[in-house]
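Here the structure is laid out as C-alpha cells; the discussion comes afterwards.
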Amino acid sequence: MTPDRIHAMRRSVPREPTGDVEALLTSTGSDSALIQYRRTATIFSQDDQCEGVLYLRTGRVILTVRSDAGRDAMVAKLGPGQFFGESCLAGRTTRTTTATTTTACSVRVIPTVTMKRLLQRERRLADHFIAHTLARNIRIEQDLLGHLFNLDSTERRLARTLLRLAGYATGSAPARRGPKVSHERLAHLAGTTRARVDVLMREFQRLGFVRQGRDTQV
0 MTPDRIHAMR
10 RSVPREPTGD
20 VEALLTSTGS
30 DSALIQYRRT
40 ATIFSQDDQC
50 EGVLYLRTGR
60 VILTVRSDAG
70 RDAMVAKLGP
80 GQFFGESCLA
90 GRTTRTTTAT
100 TTTACSVRVI
110 PTVTMKRLLQ
120 RERRLADHFI
130 AHTLARNIRI
140 EQDLLGHLFN
150 LDSTERRLAR
160 TLLRLAGYAT
170 GSAPARRGPK
180 VSHERLAHLA
190 GTTRARVDVL
200 MREFQRLGFV
210 RQGRDTQV
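The opening residue of the sequence shown carries number 0 in numbering that gives the first Met the number 0; numbering runs sequentially from there.
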C-alpha cells in the first residue's frame, strides 16, 4: 500500500454538517436523558430492544455487527455530534449492531416518539440528521461494493479499520490516535486472522504509516 492510497482513502471519507445540535436538543424541552459511559462500556448490544435514538455528545464509539458464525465486523466509528441507533425510526424493535465506547462518553438518549416529533418540527435538526444518514449510507455502500466485487484486499481492510479508529471517518478533524486495540480485535474488525494482522502491522510500522505504543498513531 502506497502513501497515495492511504491519502486517497482519507479524502474519500464523507464529511458531515456541523451545527449546535446539542443546544437544539436541549432547548426544545425534549425528554431526552444524558448518560455517562466509561471506556470500553457497551451502550447496547445486537438484538437488544430498540427504544430510542442516541446522540454522541462527547467521546468516541464503534458500531460492530456479529454474524451467525460469531465473526465481528466494524460498521462505523463515531465521534462527537453523530447519531446512532436510529433504526428505531424505521420501525425496528431490536438493535442491529453493538455500540461500544473507546473513550469515556456522554450520550444523549432521545425516545423514538420524541425524535420523530423533533424531526418534523425542527428543520435544522432534520437537515443535520438527513446529511448524517446519507453520509453513512454512502460509506457503507462503498464498503459493500468492495466486498461484493473483491476490490478490497486484507491490507486495505485493515488500513481502513485503523483510519476509522483514528477518527478519519468522522466529520471533525481526525485524532490521528486510535484507542489501544489488540491485534486479535483488529483481526475481527478487518475480517482476517491474527497472524495476518501481525504481519501487516509490522509492515505498516516499517513504512511509517502507524506507530504503536500506549495507543496507535496513524
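By construction, the Cβ of each residue, glycine as well, lies at the ideal position given by its N, Cα and C atoms. All of these numbers come straight from a predicted model, not from anything done at the bench.
- Contact check for residue 95 against residue 64 passes: the beta carbons are separated by less than 8 Å.
- Under the Cβ criterion (8 Å, minimum of three pairs), the stretch 96-107 counts as touching the stretch 32-49.
- Residue pairing by DSSP places residue 73 opposite 63 in a beta bridge.
- Residue 160 is a Cβ neighbour of residue 189, given a cutoff of 8 Å.
- Between residue 78 and residue 62, the C-beta gap is not smaller than 8 Å, which leaves the two residues out of contact.
- For residue 152, the number of other beta carbons within 10 angstroms of its own is below 16, and it is reported as exposed.
- Boundaries of the alpha helix (DSSP H) harbouring residue 204: 193-205, taken from the DSSP string.
- Residue 74 has its alpha-carbon roughly 20 Å from the corresponding atom of residue 57.
- At a Cβ-Cβ threshold of 8 Å, residue 182 and residue 71 do not count as neighbours.
- Closest in alpha carbon position to residue 105, among 34, 46, 133, 132, is 34.
- Taking the Cβ atoms as the reference, residue 31 lies roughly 5 Å from residue 107, within the contact range of under 8 Å.
- Looking only at 60, 80, 88, 59, the smallest Cα-Cα distance to residue 49 is reached by 88.
- A distance below 8 Å between beta-carbons, with the five flanking residues on each side excluded, links residue 86 to the following residues of its chain, in chain order: 49, 94, 95.
- With a cutoff of 8 Å on beta-carbon distance, residue 109 and residue 24 are scored as near each other.
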